[in-house]
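Step one of this worksheet: look at the structure below.
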Amino acid sequence: MRPPAPASPKLKLYSFWRSSCSQRVRIALNLKGLEYEYKPVNLLANEQSDPEFERLNPIKYVPALVDGDTVIADSFAILLYLEDMYPQHPLLPQDPQKRALNIQIASIVGSSIQPLQNYPNFIEEKLDSNKTIKWTQHHINRGFTALEKLLKGCNTTYATGNEIQLADVFLEPQIYGGVKRFGIDMSIYPVLARLHEAYMEHPAFLAALPEKQPDAPSS
Amino acid sequence: MAVGKPVLYSAWISSCSFRVRIALNLKGVDYEYRAVTWNDPDYEKINPIKYVPALVDGDFVVSDSLAIILYLEDKYSQHPLLPQDLKKKAINLQIANIVCSSIQPLQCYAVIGLLDGRLGSDESFQIVRTYIDKGFRAIEKLLEGCDSKYATGDEIQLADVFLAPQIHAGMTRFQIDMSKYPLLERFYKAYMEIPAFQVAVPEKQPDAPSPGV
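Taken in order, these protein sequences are the chains called G and U.
Read in order, the letters of the first sequence correspond to residues 4 to 222 in the numbering used here.
Read in order, the letters of the second sequence correspond to residues 735 to 947 in the numbering used here.
Next comes the structure, spelled out in structure tokens:
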């Protein structure tokens with residue numbers, strides 16, 4: 004467990020316990036050893052529409068990061084900001100090809116999988132719950148199939164090497180959510196399954212899990 | 735082995751490909767255009783995940799427009815697309831991600847096609863318009879009071895490279911009324927005066943259908 008944050012840390016993270024985008028940033032903050040104040044935004048109670056939050060992020064998504072008088076929203080933008088401001092435990096390698104692979108993996112998760120798993124919330128009045136879960140599973144499976152091909156032959160501890168990098172920070176919340184919430188069968192994705200086990204041994208990842216957050220339901 | 739010019743696998747109508755074409759043009763990178771159709775069996779050998787666009791640079795293959803463009807940023811320092819200032823850099827990345835995560839994925843064919851079995855094509859069309867509207871309104875708020883030539887300054891940057899194709903698609907494919915988004919409307923007119931953007935438009939690509947067809 005993380006020690007409690009100091010009285011007024013410079014960094015504040017607006018987060019929802021179950022949001023995989025928020026989870027990415029929580030992992031990165033933990034990896035870089037950064038204390039932060041956790042500011043919960045209850046998406047199920049539409050707190051993202053509160054005027055105070057909308058001022059921070061007009062598209063009303065979590066996460067948003069406040070660093071002193073700087074506000075950054077969008078998990079990818081936040082992570083690259085953290086890379087620049089707090090270079091300890093770098094998440095992007097120097098080599099341009101390895102950097103590109105990390106960003107490609109992050110993008111597959113962030114653009115081709117995660118946004119489509121939220122989609123049914125808008126149209127759930129049109130599709131019954133059986134259909135919405137199949138919709139979500141279809142998109143996760145399509146993305147995981149692509150990731151498994153991209154990572155074919157991976158024999159390093161983590162996705163792109165023996166250190167945790169940006170790709171891992173994006174992969175784990177997606178895999179965790181896929182397993183925990185959407186019943187994805189990981190046995191057909193051996194590389195992703197192996198990576199998931201490795202992440203589940205890492206303290207920075209464990210402390211960032213949805214269930215460990217201050218706003219997670221207690222039961 | 736001599737390294738030839740990079741090869742861009744692209745589809746004329748793909749707004750993701752359009753972004754990369756703009757970036758290559760801005761940086762003055764000479765590239766070979768290879769058109770990809772959705773069911774192209776040979777493409778899988780080049781890029782096992784079959785996404786478009788993909789850039790092949792020597793023996794290195796990278797797909798995903800954001801990964802390709804940031805790779806180009808690393809490799810070609812001319813016409814940088816990300817500012818040094820961290821706040822401005824973050825705004826550029828946020829706008830790029832609003833487009834490529836919150837708007838474009840909803841309009842791509844796979845999504846519409848999957849839905850069409852349960853929803854009428856009209857309903858799918860309206861849902862796409864709703865997401866474009868939500869994203870455009872957010873960007874307008876984010877950039878409220880912007881008085882620079884382009885989204886984040888007087889030079890074209892990453893946000894502009896992502897915005898232009900999304901606005902183009904909104905107008906030409908989804909009947910978006912850009913007068914509701916005055917900043918974006920103003921930027922788009924400015925983009926369309928720049929040759930790097932003009933030659934990258936879908937209609938000018940080698941695989942675009944001939945006009946009148």
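In this text, a Cβ means the ideal position worked out from N, Cα and C, and glycines have one as well.
Remember, it's a predicted structure, so these values are computed and weren't measured experimentally.
Between the CA atoms of asparagine 33 of chain G and asparagine 773 of chain U - distance to the nearest angstrom: Here residue 773 of chain U corresponds to residue number 39 of the second sequence, with the count starting at 1. Here residue 33 of chain G corresponds to residue number 30 of the first sequence, with the count starting at 1. Rounded to the nearest angstrom, the two C-alpha atoms are 43 Å apart.
task: Take serine 115 of chain G as the anchor and find which of G:Trp138, G:Gly146, G:Pro99, G:Asp87 has the nearest alpha-carbon.
output: For the purposes of this step, residue 115 of chain G is identified with residue 112 of the first sequence, where counting begins at 1. Minimum Cα distance to serine 115 of chain G is reached at G:Gly146.
message: Measuring straight from C-alpha to C-alpha, what distance separates glycine 854 of chain U and proline 936 of chain U?
response: Along the second sequence, read from residue 1 onward, the residue named residue 854 of chain U stands at position 120. Along the second sequence, read from residue 1 onward, the residue named residue 936 of chain U stands at position 202. So the alpha carbons of these two residues sit roughly 27 Å apart.
task: Return no unless some Cβ of chain G is closer than 9 Å to the Cβ of glycine 869 of chain U.
output: Position 135 of the second sequence, counting from 1, holds the residue named residue 869 of chain U. Chain G has a Cβ within less than 9 Å of the Cβ of glycine 869 of chain U.
field: When U:Ser797, U:Phe859, U:Ala872, U:Pro775 are compared against proline 916 of chain U, the one with the closest alpha-carbon
entry: Reading the second sequence from its first residue, position 182 is the one you call residue 916 of chain U. Per the Cα distances, U:Ala872.
- prompt: Between tyrosine 765 of chain U and chain G, is there a C-beta pair that is closer than 9 Å?
  reply: Your numbering for residue 765 of chain U matches position 31 in the second sequence. So no, tyrosine 765 of chain U is outside the interface.
- request: Classify valine 790 of chain U as helix, strand or coil using the three-state DSSP reduction.
  value: To locate residue 790 of chain U, count along the second sequence from 1; it is residue 56. In this structure, valine 790 of chain U counts as strand in the three-state DSSP scheme.
- request: Measure how close the beta-carbons of proline 43 of chain G and phenylalanine 19 of chain G come, nearest whole angstrom, since I'm counting them as under 8 Å.
  value: The residue you call residue 43 of chain G lines up with position 40 of the first sequence. The residue you call residue 19 of chain G lines up with position 16 of the first sequence. The C-beta distance from proline 43 of chain G to phenylalanine 19 of chain G rounds to 7 Å, short enough to meet the 8 Å contact threshold.
- prompt: At what residue ranges does the segment 29-79 of chain G contain a whole run of the alpha helix (DSSP H), taking only runs of 4 or more?
  reply: Entirely contained in the segment 29-79 of chain G, the alpha helix (DSSP H) runs reaching 4 residues are, in chain order, 54-59.
task: Anything in the segment 167-186 of chain G with a Cβ closer than 7 Å to a Cβ of chain U? List those residues in chain order, please.
output: Residues passing the 7 Å Cβ filter: none.
query: Excluding sequence positions up to five away, which residues of its chain have a Cβ less than 7 Å from the Cβ of alanine 149 of chain G?
result: Here residue 149 of chain G corresponds to residue number 146 of the first sequence, with the count starting at 1. Non-local beta-carbon contacts of alanine 149 of chain G in its own chain, meaning distances under 7 Å to residues more than five positions away in sequence, involve Ile111 in chain order.
- prompt: Mapping DSSP to helix, strand and coil, what is serine 18 of chain G?
  reply: Position 15 of the first sequence, counting from 1, holds the residue named residue 18 of chain G. Looking at serine 18 of chain G - three-state DSSP - the assignment turns out to be strand.
task: May I ask you to verify whether the segment 772-790 of chain U touches the segment 927-943 of chain U, counting CB pairs closer than 8 Å and requiring at least 3?
output: Note that the segment 772-790 of chain U does not touch the segment 927-943 of chain U; fewer than 3 beta-carbon pairs, one per stretch, sit closer than 8 Å.
- request: Would you identify the three-state DSSP class for alanine 769 of chain U, choosing helix, strand or coil?
  value: Position 35 of the second sequence holds residue 769 of chain U. Alanine 769 of chain U carries a strand assignment under DSSP once its states are collapsed to helix, strand and coil.
query: When the Cα atoms are used, what is the spatial distance from glutamine 900 of chain U to serine 749 of chain U?
result: Position 166 of the second sequence, counted from the start, is the residue given in the question as residue 900 of chain U. Position 15 of the second sequence, counted from the start, is the residue given in the question as residue 749 of chain U. If you take the alpha carbons of glutamine 900 of chain U and serine 749 of chain U, they lie about 7 Å apart.
query: Among G:Asn121, G:Gln91, G:Thr163, G:Asp131, which one has its Cα closest to the Cα of isoleucine 108 of chain G?
result: Position 105 of the first sequence, counted from the start, is the residue given in the question as residue 108 of chain G. Ranking G:Asn121, G:Gln91, G:Thr163, G:Asp131 by Cα distance to isoleucine 108 of chain G puts G:Thr163 first.
message: My assumption, with CB atoms under 8 Å, is that tyrosine 805 of chain U sits in contact with valine 795 of chain U. Please give the rounded CB distance.
response: For the purposes of this step, residue 805 of chain U is taken as the residue at position 71 of the second sequence. For the purposes of this step, residue 795 of chain U is taken as the residue at position 61 of the second sequence. By a beta-carbon distance limit of 8 Å, tyrosine 805 of chain U does not contact valine 795 of chain U. Their separation comes to about 11 Å.
query: tyrosine 805 of chain U lies in the alpha helix (DSSP H); which residues open and close that run?
result: Residue 805 of chain U sits at position 71 when you count from the first residue of the second sequence. Start and end: 799-809.
query: According to the neighbour-count rule (16 or more other Cβ atoms, all chains shown, within 10 Å of its Cβ), is glycine 762 of chain U buried or exposed?
result: In the second sequence, residue 762 of chain U corresponds to position 28, counting from 1. Of the residues assessed, glycine 762 of chain U falls on the exposed side of the cut-off, its CB having fewer than 16 other CB atoms within 10 angstroms.
Contained beta strand (DSSP E) runs [length at least 3] in the segment 860-929 of chain U, N- to C-terminal order: The segment 860-929 of chain U contains no whole beta strand (DSSP E) run of 3 or more residues.
field: CB of phenylalanine 908 of chain U within 9 Å of CB of glutamine 838 of chain U, strictly
entry: Looking up residue 908 of chain U in the second sequence gives position 174. Looking up residue 838 of chain U in the second sequence gives position 104. Taking 9 Å as the cut-off, the beta carbon of phenylalanine 908 of chain U is found no closer than this to the beta carbon of glutamine 838 of chain U.
- request: May I ask you to list the residues that DSSP assigns as paired with valine 754 of chain U?
  value: Here residue 754 of chain U refers to the residue found at position 20 of the second sequence. For valine 754 of chain U, which the question treats as bridged, DSSP gives no partner whatsoever.
query: Can you name the start and end residues of the beta strand (DSSP E) that tyrosine 743 of chain U belongs to?
result: For the purposes of this step, residue 743 of chain U is identified with residue 9 of the second sequence, where counting begins at 1. 741-744 is the extent of the beta strand (DSSP E) around tyrosine 743 of chain U.
field: Burial state of glycine 738 of chain U, where buried means 16 or more other Cβ atoms lie within 10 Å
entry: Translated into the one-based positions of the second sequence, residue 738 of chain U becomes position 4. It is exposed - the Cβ of glycine 738 of chain U has fewer than 16 other Cβ atoms within 10 Å.
- request: Could you please give me the residues that DSSP links to valine 172 of chain G through a beta bridge?
  value: Position 169 of the first sequence, counted from the start, is the residue given in the question as residue 172 of chain G. Note: valine 172 of chain G sits in no beta bridge, so no partner.
task: Please report how far the alpha carbon of isoleucine 14 of chain G lies from the alpha carbon of aspartate 131 of chain G, in whole angstroms.
output: The sequence position of residue 14 of chain G within the first sequence is 11, counting from 1. The sequence position of residue 131 of chain G within the first sequence is 128, counting from 1. In the sequence under discussion, the amino acid at residue 14 of chain G is leucine, which differs from the isoleucine named in the question. Roughly 41 Å between the two C-alpha positions.
message: Once DSSP output is grouped into helix, strand and coil, what is the label at valine 796 of chain U?
response: The residue you call residue 796 of chain U lines up with position 62 of the second sequence. Three-state result, valine 796 of chain U: strand.
message: Please identify the residue among G:Glu57, G:Pro12, G:Pro206, G:Arg197 whose C-alpha is closest to the C-alpha of threonine 160 of chain G.
response: For the purposes of this step, residue 160 of chain G is taken as residue 157 along the first sequence, with counting starting at 1. Put simply, of G:Glu57, G:Pro12, G:Pro206, G:Arg197 the residue whose alpha carbon is nearest the alpha carbon of threonine 160 of chain G is G:Arg197.
query: Do the CB positions of leucine 85 of chain G and alanine 31 of chain G come within less than 9 Å of each other?
result: Taking the first residue of the first sequence as 1, we reach residue 85 of chain G at position 82. Taking the first residue of the first sequence as 1, we reach residue 31 of chain G at position 28. Yes, Cβ-Cβ distance for leucine 85 of chain G and alanine 31 of chain G is below 9 Å.
- prompt: Nearest-angstrom Cα distance between cysteine 24 of chain G and aspartate 791 of chain U?
  reply: Position 21 of the first sequence holds residue 24 of chain G. Position 57 of the second sequence holds residue 791 of chain U. Those two C-alpha atoms are separated by around 31 Å.
- prompt: CB tyrosine 41 of chain G to CB aspartate 218 of chain G, shorter than 9 Å?
  reply: In the first sequence, counting from the first residue as 1, residue 41 of chain G sits at position 38. In the first sequence, counting from the first residue as 1, residue 218 of chain G sits at position 215. Yes, the Cβ-Cβ distance between tyrosine 41 of chain G and aspartate 218 of chain G is below 9 Å.
task: Out of G:Glu50, G:Asn60, G:Ala48, G:Pro12, point me to the one whose CA is closest to leucine 877 of chain U's CA.
output: Locating residue 877 of chain U in the second sequence gives position 143, where the first residue counts as 1. It is G:Asn60 whose Cα lies nearest to the Cα of leucine 877 of chain U.
- prompt: Helix, strand or coil for lysine 134 of chain G per DSSP?
  reply: Translated into the one-based positions of the first sequence, residue 134 of chain G becomes position 131. When secondary structure is reduced to three states using DSSP, lysine 134 of chain G falls in the helix class.
- prompt: How would you label asparagine 158 of chain G, buried or exposed, when you count the other beta carbons within 10 angstroms and need 16 or more for buried?
  reply: If you number the first sequence from 1, residue 158 of chain G lands on position 155. If you draw a 10 Å sphere on the C-beta of asparagine 158 of chain G, you find fewer than 16 other C-beta atoms in it, and that means exposed.
field: Under 7 Å from the C-beta of glutamine 100 of chain G: neighbouring residues of chain U
entry: For the purposes of this step, residue 100 of chain G is identified with residue 97 of the first sequence, where counting begins at 1. Phe794, listed in chain order.
Whole-angstrom C-beta distance between alanine 170 of chain G and asparagine 105 of chain G, which should lie under 8 Å: If you number the first sequence from 1, residue 105 of chain G lands on position 102. If you number the first sequence from 1, residue 170 of chain G lands on position 167. About 5 Å separates the two Cβ atoms, so the contact holds.
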